[in-house]
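Asks: Numbering-wise (our numbering), the sequence shown opens with residue 9 and increments by one.
Can you keep this structure in mind? I'll have questions shortly.
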Amino acid sequence: MLASCSAVAGTATRAPVPTNGAGLARVFVRPCEQIPHLVLRQQLLDPSPAVVSKHTTASGTETRTCTYRSTDRSQHITIIASNNLLNQGQTSLLGADRHELTIGGRRAVSFVLPNSVQTHACEVDLAATTGIYGVQLSTTTTDYTPHRGCLAAAEHYAQAFAPYFPW
9 MLASCSAVAG
19 TATRAPVPTN
29 GAGLARVFVR
39 PCEQIPHLVL
49 RQQLLDPSPA
59 VVSKHTTASG
69 TETRTCTYRS
79 TDRSQHITII
89 ASNNLLNQGQ
99 TSLLGADRHE
109 LTIGGRRAVS
119 FVLPNSVQTH
129 ACEVDLAATT
139 GIYGVQLSTT
149 TTDYTPHRGC
159 LAAAEHYAQA
169 FAPYFPW
């Protein structure tokens, strides 16, 4: 059997991304269905979501979230799917509050959430074609064992979940 390859003239195209009335990408991903239960258990999270939400603003920003509790109930980990762009909504974060990084081959940004003194919250957002996928961590204590802090813990979860986020 003889096989061959040939080039096809033209430009590669991508299927158009469905948009909402504001012209922003629609968010079809349901975060509670993205991460397999086994992976959640491996990360010491209860695989039954504590809170599920969908929110759309007047400007067309769509956000879907799914919040899980750690098995010891000390932390809440929220998976985010949004048509916000990476860096959008974080423009007020300066210097040490915001860190650019790469997770799973994608551009990402990590930051401590403003006004989170009592909840100790932080987030890592990963770039996607339609916006971002993120991991937000919150706790009422400053114990992130076995991680050295909120951002390190959130980055750990983002790395564990990144393979399950669409590009």
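Just so it is clear, CB atoms sit at the ideal spot from N, CA and C, and this is done for glycine as well.
Quick one: Cα of ASP133 to Cα of VAL35, how far?
Replies: 15 Å
Asks: Would you mind working out which of PHE169, ALA89, SER146 and SER78 sits nearest THR138, comparing C-alpha positions?
Replies: Closest by alpha carbon: ALA89.
Asks: By the 10 Å Cβ neighbour count, where 16 or more other Cβ atoms means buried, how is ALA66 classified, buried or exposed?
Replies: exposed
Asks: Assess, as a yes-or-no matter, whether the stretch 138–148 is touched by the stretch 76–94 under the definition of 3 or more beta carbon pairs within less than 8 Å.
Replies: yes
Asks: Taking the DSSP output, what are the residues bridged to GLN83?
Replies: THR147
Asks: Using the Cα positions of HIS128 and THR150, report the straight-line distance between them to the nearest angstrom.
Replies: 7 Å
Asks: Taking just the CA atoms, how far does ASN28 sit from ARG156?
Replies: 40 Å
Asks: Going by DSSP, what residues sit across from THR71 in a beta bridge?
Replies: HIS63 and SER90
Asks: Taking DSSP as the reference, what is the three-state secondary structure of ALA33?
Replies: Annotated three-state conformation of ALA33 is strand, per DSSP.
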